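Data first, discussion second: the structure below is written as structure tokens.
2 protein chains.
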Amino acid sequence: MSDKKISTESYKGVRDFFPADMAKERHIFNSWSKTAESFGFERYDASILEPAELYRSKGAENEELVNEQTYTFTDRGDREVTLRPEMTPTVARMIAAKRRELTFPVRWYSIPNLFRYERPQRGRLREHWQLNCDLFGPTDYTADVEIITLAYQVLIDFGATPEMFTILINDRREMSELFASLGIVDPEIVGQITRLTDRKKKISAEEYQTSLMKIINNEAPVTQILQLIENEAASNSVLNALHSLGIYNAKIDRTIARGFDYYTGMVFEIVDTDPTNNRSMIGGGRYDDLTSLFGGEPISGVGFGIGDVTMNDFLTTHKLWPQESLKTGPSLMLIPAEADDHLSAQKIAAQFRSRGIKTAVDIGSKKLGKKIADAAENKVGFVIVVGQNEIDNGNFELKNLAIESSQNGSIEELVTYLLANS
Amino acid sequence: MSDKKISTESYKGVRDFFPADMAKERHIFNSWSKTAESFGFERYDASILEPAELYRSKGAENEELVNEQTYTFTDRGDREVTLRPEMTPTVARMIAAKRRELTFPVRWYSIPNLFRYERPQRGRLREHWQLNCDLFGPTDYTADVEIITLAYQVLIDFGATPEMFTILINDRREMSELFASLGIVDPEIVGQITRLTDRKKKISAEEYQTSLMKIINNEAPVTQILQLIENEAASNSVLNALHSLGIYNAKIDRTIARGFDYYTGMVFEIVDTDPTNNRSMIGGGRYDDLTSLFGGEPISGVGFGIGDVTMNDFLTTHKLWPQESLKTGPSLMLIPAEADDHLSAQKIAAQFRSRGIKTAVDIGSKKLGKKIADAAENKVGFVIVVGQNEIDNGNFELKNLAIESSQNGSIEELVTYLLANS
Numbered sequence: 180m181s182d183k184k185i186s187t188e189s190y191k192g193v194r195d196f197f198p199a200d201m202a203k204e205r206h207i208f209n210s211w212s213k214t215a216e217s218f219g220f221e222r223y224d225a226s227i228l229e230p231a232e233l234y235r236s237k238g239a240e241n242e243e244l245v246n247e248q249t250y251t252f253t254d255r256g257d258r259e260v261t262l263r264p265e266m267t268p269t270v271a272r273m274i275a276a277k278r279r280e281l282t283f284p285v286r287w288y289s290i291p292n293l294f295r296y297e298r299p300q301r302g303r304l305r306e307h308w309q310l311n312c313d314l315f316g317p318t319d320y321t322a323d324v325e326i327i328t329l330a331y332q333v334l335i336d337f338g339a340t341p342e343m344f345t346i347l348i349n350d351r352r353e354m355s356e357l358f359a360s361l362g363i364v365d366p367e368i369v370g371q372i373t374r375l376t377d378r379k380k381k382i383s384a385e386e387y388q389t390s391l392m393k394i395i396n397n398e399a400p401v402t403q404i405l406q407l408i409e410n411e412a413a414s415n416s417v418l419n420a421l422h423s424l425g426i427y428n429a430k431i432d433r434t435i436a437r438g439f440d441y442y443t444g445m446v447f448e449i450v451d452t453d454p455t456n457n458r459s460m461i462g463g464g465r466y467d468d469l470t471s472l473f474g475g476e477p478i479s480g481v482g483f484g485i486g487d488v489t490m491n492d493f494l495t496t497h498k499l500w501p502q503e504s505l506k507t508g509p510s511l512m513l514i515p516a517e518a519d520d521h522l523s524a525q526k527i528a529a530q531f532r533s534r535g536i537k538t539a540v541d542i543g544s545k546k547l548g549k550k551i552a553d554a555a556e557n558k559v560g561f562v563i564v565v566g567q568n569e570i571d572n573g574n575f576e577l578k579n580l581a582i583e584s585s586q587n588g589s590i591e592e593l594v595t596y597l598l599a600n601s
Numbered sequence: 180m181s182d183k184k185i186s187t188e189s190y191k192g193v194r195d196f197f198p199a200d201m202a203k204e205r206h207i208f209n210s211w212s213k214t215a216e217s218f219g220f221e222r223y224d225a226s227i228l229e230p231a232e233l234y235r236s237k238g239a240e241n242e243e244l245v246n247e248q249t250y251t252f253t254d255r256g257d258r259e260v261t262l263r264p265e266m267t268p269t270v271a272r273m274i275a276a277k278r279r280e281l282t283f284p285v286r287w288y289s290i291p292n293l294f295r296y297e298r299p300q301r302g303r304l305r306e307h308w309q310l311n312c313d314l315f316g317p318t319d320y321t322a323d324v325e326i327i328t329l330a331y332q333v334l335i336d337f338g339a340t341p342e343m344f345t346i347l348i349n350d351r352r353e354m355s356e357l358f359a360s361l362g363i364v365d366p367e368i369v370g371q372i373t374r375l376t377d378r379k380k381k382i383s384a385e386e387y388q389t390s391l392m393k394i395i396n397n398e399a400p401v402t403q404i405l406q407l408i409e410n411e412a413a414s415n416s417v418l419n420a421l422h423s424l425g426i427y428n429a430k431i432d433r434t435i436a437r438g439f440d441y442y443t444g445m446v447f448e449i450v451d452t453d454p455t456n457n458r459s460m461i462g463g464g465r466y467d468d469l470t471s472l473f474g475g476e477p478i479s480g481v482g483f484g485i486g487d488v489t490m491n492d493f494l495t496t497h498k499l500w501p502q503e504s505l506k507t508g509p510s511l512m513l514i515p516a517e518a519d520d521h522l523s524a525q526k527i528a529a530q531f532r533s534r535g536i537k538t539a540v541d542i543g544s545k546k547l548g549k550k551i552a553d554a555a556e557n558k559v560g561f562v563i564v565v566g567q568n569e570i571d572n573g574n575f576e577l578k579n580l581a582i583e584s585s586q587n588g589s590i591e592e593l594v595t596y597l598l599a600n601s
């Protein structure tokens with residue numbers, strides 16, 4: 180071994196999950212799973228290692244993305260490997276592989292970790308986890324409605340109320356029709372307007388208008404575009420359906436475009452209404468022919484994603500963390516009175532564990548008082564001191580550390596008490 | 180987009196988890212978690228990305244291991260990164276980072292995915308998941324006993340019986356004492372004998388004896404080493420304690436050495452007794468000063484690991500897969516009679532979901548009979564056809580697909596029925 184001491188820090192831009200952090204992650208993942216499954220979605224997963232061609236094949240723009248924003252390396256078999264930066268290409272690959280065996284509509288969800296090689300900043304780490312839900316097959320607008328309803332329910336199931344967030348909906352086909360009605364049909368111009376409009380909330384009204392003018396070079400449509408984009412009363416069948424389902428914190432927002440090229444119809448975002456956490460949390464939409472890279476009949480779908488960091492910030496902002504499900508460690512600590520009692524304590528522990536009580540033995544070498552204090556500090560609910568006396572007469576004292584009371588009895592009596600009181 | 184079709188296969192040596200595969204993985208992970216937590220172990224995790232120095236720093240042997248058997252690459256910030264091949268260095272780093280804040284004994288578990296760059300073969304993929312349990316702090320032999328008891332219970336909690344596996348125990352300190360009693364004290368010679376003995380089950384008795392002779396070059400100790408290694412009656416305090424805890428499928432096996440250099444005391448393996456799956460499933464042991472790389476006071480511990488592929492093979496070999504917990508997808512499928520009924524079906528679905536019933540809507544364009552057949556094929560328990568008639572009179576027919584019976588009633592009556600019957 181070398182004498183050089185190495186750092187205890189994790190790799191740059193990723194997180195260590197100590198038990199308290201892990202409890203929060205698990206709370207998020209469990210709630211996500213439960214909501215997705217209540218809609219009949221089935222969980223899948225894949226390796227984080229994917230052939231780089233899965234991301235490169237979409238053209239020059241993606242070539243740059245793969246080279247500069249992903250972890251891509253060549254393995255010793257000369258294969259180019261990428262740590263997956265998003266789940267959509269993976270799920271498209273899997274759906275394409277099983278298309279003949281699957282019964283559509285297919286409802287799948289996953290909670291993958293995703294990697295991006297970028298400058299770490301708030302909410303944008305190099306590794307994060309993301310809930311991905313997709314509904315494959317139907318092109319009916321009620322599939323779009325279901326996906327938005329599921330995204331809504333994901334937040335509601337954490338205890339959120341509708342005032343805490345807003346659902347912003349748009350539709351790329353509707354936008355094309357609106358532009359066409361103004362005589363703008365060149366896909367290149369439409370694309371430029373869309374990308375500019377996507378940034379509208381981040382730039383000044385003046386900058387937006389000037390840039391729009393540069394693209395179109397004609398004053399009349401600019402005014403009309405501004406009117407249609409700012410039309411607060413805009414509606415469509417998806418929005419009407421959401422209202423009929425009792426979801427009222429939704430509206431049409433013509434600036435919503437979503438970054439990914441593969442969206443072709445409805446697109447949506449969910450934003451936090453709290454000004455201190457004012458940002459997009461959930462994004463998704465409808466895409467056609469997701470599996471085109473792999474050949475065969477087109478398969479369309481609709482889906483969304485939400486990240487763990489974003490979810491964590493939302494729960495913190497709105498004080499939605501539960502206390503109980505974040506508890507880690509044992510409910511009961513058995514403390515041997517002497518080192519000789521360690522094995523006896525292990526035997527007794529087995530009896531409590533077999534009845535479903537999370538039980539640990541403090542086999543450290545500290546003094547009894549310190550061990551009890553440690554248990555209290557670590558939020559262990561109950562302790563039992565196990566000594567020769569207690570073992571001989573089969574009568575144990577169960578101390579409730581939270582309320583500083585205690586209870587005497589046989590192991591069986593204390594099991595019954597604990598099952599009723601914890 | 181390019182016209183070139185790309186493969187739907189995953190990267191070499193890793194797995195896709197389609198819903199049926201994922202259900203098996205989750206069954207394994209859930210059972211592992213439950214058992215570890217019943218012993219008061221707390222879950223942690225970290226990123227798969229670790230600084231390469233975490234693995235390199237242990238000397239030349241490790242240098243080779245890192246270069247040839249791990250995924251290691253240089254990021255654009257010129258940092259060497261390794262995809263973690265095992266969890267022990269990571270947990271040592273995390274324990275070292277928080278040593279001042281932690282209350283020992285610390286009981287931690289994790290279910291990380293680990294990466295090895297090697298030729299894919301049965302049970303040795305490039306990516307696998309592993310349950311890792313470690314107890315840090317106490318050097319008492321009862322900590323060793325607890326870890327073996329936990330490993331035993333991990334298998335029992337899947338429904339295994341003690342005849343299905345054997346616990347083989349050894350102790351590196353005891354082996355050193357036994358060798359010393361034969362006059363063999365040179366650590367280099369002891370190391371050579373240990374590595375040879377570790378391979379004893381894989382080579383012939385003759386080859387073992389010849390190789391031993393080459394190392395020692397003295398006939399008398401060779402005979403004595405053979406005797407002590409084959410001593411079926413060997414015992415120690417750990418084995419006696421296991422017996423007193425009712426664990427009888429354990430014995431001392433002097434050939435058990437375990438590959439890792441960091442083990443310093445008790446070492447153990449659990450092997451499947453079925454001749455068709457005859458191999459080591461669980462391995463672990465005691466180590467001292469795991470955190471030496473990071474400086475500070477030594478921290479010792481005892482732990483073990485078991486992989487998901489091995490676990491999967493054990494459950495298959497002994498027919499221990501449950502049927503019920505492997506079911507994925509909805510319990511109830513609502514089938515709209517006409518496309519116009521899609522939205523009504525979504526509204527009704529919300530009512531079932533809010534009562535905890537996993538409910539999906541078949542918004543596909545197939546015929547009614549085909550949709551019902553699809554639901555049956557996908558093992559959906561119940562279907563309700565939602566048409567204008569049913570909506571108008573508020574009376575729905577719930578078909579039980581498993582037993583081909585049905586039940587009529589209002590949504591509320593059917594909710595009550597389903598909660599009582601599924």
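Going down the list, the sequences are from chains A and B.
Heads up: the first sequence runs through residues 180 to 601, numbered per this note's numbering.
Heads up: the second sequence runs through residues 180 to 601, numbered per this note's numbering.
Beta carbons are placed, not taken as given, at the ideal position from N, Cα and C, and that holds for glycine.
Owing to the predicted nature of the structure, the values given are computational and were not obtained by experimental measurement.
Could you name the residues of the same chain whose beta carbon sits closer than 6 Å to that of residue i, not counting the 5 residues immediately before and after it, in chain order?
| i | result |
| --- | --- |
| ASP541 of chain A | MET512, ILE514, LYS550 |
| ASN292 of chain A | GLU306, TRP308 |
| SER589 of chain B | GLY573 |
| ALA399 of chain B | none |
Please classify residue i as buried or exposed, where buried requires at least 16 other C-beta atoms within 10 Å of its C-beta.
| i | result |
| --- | --- |
| HIS497 of chain A | buried |
| LYS380 of chain A | exposed |
| GLY560 of chain A | buried |
| MET180 of chain A | With a pLDDT of 41 at MET180 of chain A, under the threshold of 50, the modelled position of this residue cannot be trusted; read the value that follows with caution. The residue in question, MET180 of chain A, is exposed, as its Cβ has fewer than 16 Cβ neighbours within 10 Å. |
| ALA359 of chain B | exposed |
| GLY463 of chain A | buried |
| GLU386 of chain A | exposed |
| ASP571 of chain B | exposed |
Mind checking who residue i pairs with in its DSSP beta bridge?
| i | result |
| --- | --- |
| SER289 of chain A | A:ASN311 |
| PHE337 of chain A | Looking at the DSSP assignment, PHE337 of chain A forms no beta bridge with any residue, so it has no partner. |
| MET490 of chain A | Paired residue(s): none; MET490 of chain A is not in a bridge. |
| GLN122 of chain B | Here chain B has residues from 180 to 601 only, and residue 122 of chain B is not among them. |
| ASN349 of chain A | A:VAL446 |
| VAL565 of chain B | B:PRO515 |
| LYS430 of chain B | B:LEU347 |
Quick one: what's got a C-beta closer than 7 Å to residue i's C-beta in the same chain, skipping five residues either side?
| i | result |
| --- | --- |
| THR434 of chain A | THR376, ASP377, LYS379, LYS380, ILE408 |
| TYR466 of chain A | TYR441, TYR442, THR443, SER479, GLY480 |
Which chain A residues sit within Cβ distance under 7 Å of residue i?
| i | result |
| --- | --- |
| SER189 of chain B | ALA225, SER226 |
| LYS203 of chain B | None at all; the shortest Cβ gap to chain A is about 11 Å. |
Enumerate in chain order the residues of its own chain whose CB-to-CB distance from residue i is below 8 Å, with the five nearest sequence positions on each side excluded.
| i | result |
| --- | --- |
| ILE395 of chain B | ILE363, ILE368, ILE372, VAL401, ILE404 |
| ASN587 of chain A | ASN574, PHE575, GLU576, LEU577 |
| THR345 of chain A | ASN428, ALA429, LYS430, ILE449, VAL450, THR452 |
Kindly list, in the order they appear in chain A, the residues whose Cβ is closer than 9 Å to that of residue i.
| i | result |
| --- | --- |
| GLU556 of chain B | THR282 |
Alpha carbon to alpha carbon, how far is residue j from residue i? Give it in angstroms, no decimals.
| i | j | result |
| --- | --- | --- |
| LYS537 of chain B | GLN530 of chain B | 11 Å |
| LEU580 of chain B | LYS277 of chain A | 25 Å |
| SER217 of chain A | SER210 of chain B | 22 Å |
| TYR223 of chain A | TYR234 of chain A | 20 Å |
| ASP519 of chain A | ALA552 of chain A | 21 Å |
| THR507 of chain B | THR267 of chain A | 21 Å |
| THR455 of chain A | GLN406 of chain A | 29 Å |
What does residue i reach in chain B if we use C-beta pairs closer than 7 Å?
| i | result |
| --- | --- |
| ALA420 of chain A | LEU522 |
| ILE542 of chain A | PRO284, PRO317, ASP319, THR321, ALA322 |
List, in order along the chain, the chain B residues whose C-beta lies closer than 8 Å to that of residue i?
| i | result |
| --- | --- |
| TRP287 of chain A | PRO198 |
| LYS537 of chain A | GLU216, SER217, PHE218, GLY219 |
List, in chain order, every chain C residue whose beta-carbon is nearer than 7 Å to that of residue i.
| i | result |
| --- | --- |
| LYS578 of chain B | In the structure shown, chain C cannot be found, because the protein chains are A and B. |
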